[in-house]
Amino acid sequence: MTDTGIPPLYDEERGLRELARHRLKRDALTRGQVVIADQLAEHMQRHFSAEEIGTAGRALLLAAASCAQLAQDELPASVVVNILGFAAGRMVTDGRAWLDAQAGEDGSDG
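Numbering-wise (this note's numbering), the sequence shown opens with residue 10 and increments by one.
Right under this line is the structure:
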């Protein structure tokens, strides 16, 4: 169970272990992917507070798992990227709406 009480759709710990195993591979393709992934993580982390980095990482991990599933469904990469973008936009909008609602409940202006 997650802290929301909703069963997780993806076993994050298993996914992290699997990624760690793949990261140890020594072939050129995997090493190149790890370098790009590390650069992406460093770039993205600048956009988050220290407290948000873990949550952002979890979101990316879940997105990667979703991409893998969509790839099995043979959707083109551009469609997968669009789907992720739409999902991300929805989550940002929902998060902002929740924060605005919380600000309204305590009488502050945000």
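Yeah, the Cβ is synthetic: ideal placement off N, Cα and C, and Gly gets one too.
Check your understanding: Looking at Val89 and Cys76, is the spacing between their C-beta atoms short of 8 angstroms?
Key -> yes
Exercise for review: Note down the Cα distance separating Leu25 from Ile45, rounded to an integer number of angstroms.
Suggested key: 18 angstroms
Practice item. Under 8 angstroms by Cβ, that's how I've got Glu21 and Leu70 pegged, so tell me the actual separation to the nearest angstrom. Key: 6 angstroms
Check your understanding: Would the beta-carbon of Phe57 fall within 8 angstroms of that of Ala65?
Key -> A distance below 8 angstroms separates the beta carbons of Phe57 and Ala65.
Exercise for review: Can you grab the Cα-Cα spacing for the pair Phe95 / Arg40, in whole Å?
Suggested key: 30 angstroms
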